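Undergrad:
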Amino acid sequence: YTRLLLSSVPEMKQGWLEKTLSTREAKAGIAREVKITERGCPFAERCPEAIPEICSNERPPLQTPASGHIFACQHSPEVLSK
Numbered sequence: 627y628t629r630l631l632l633s634s635v636p637e638m639k640q641g642w643l644e645k646t647l648s649t650r651e652a653k654a655g656i657a658r659e660v661k662i663t664e665r666g667c668p669f670a671e672r673c674p675e676a677i678p679e680i681c682s683n684e685r686p687p688l689q690t691p692a693s694g695h696i697f698a699c700q701h702s703p704e705v706l707s708k
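By the count of the numbering used here, the sequence shown reaches residue 708 at its end, each step adding exactly one.
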């Protein structure tokens, strides 16, 4: 989620708006709604790092890496930092 959020910040170049909007829609599925379900990660359908068989069925655990930021994901902080 954080990677997609950071990539949504527009670059100040000519044509940045058109490029940003099309890139965001393609990468993050902007047109789709986030589905809140009893099981699985609510962001699983839009996450580029999702593991379909796990993320769609199991709630992600809350994690607190050394940085102190809390997040919920099936991946370890080491995998996500790459």
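Note that beta-carbon positions come from the ideal geometry of N, C-alpha and C, so glycine has one too.
Quick caveat, the model's predicted, so the values are computed rather than measured.
Based on the DSSP output, what are the partners of Phe-697 in its beta bridges?
TA: Paired residues: Gln-689.
Undergrad: Could you check if Gly-666 is buried or exposed, using at least 16 other CB atoms within 10 Å of its CB as the buried criterion?
TA: Classification for Gly-666: buried.
Undergrad: Span of the alpha helix (DSSP H) holding Glu-679?
TA: Run containing Glu-679: 678-681, per the alpha helix (DSSP H) assignment.
Undergrad: Can you tell me the Cα-Cα spacing of Glu-675 and Leu-631, whole angstroms?
TA: Approximately 14 Å between the Cα atoms of the pair.
Undergrad: From Pro-678 to Pro-687, what distance separates their C-alpha atoms?
TA: Cα-Cα distance, rounded: 16 Å.
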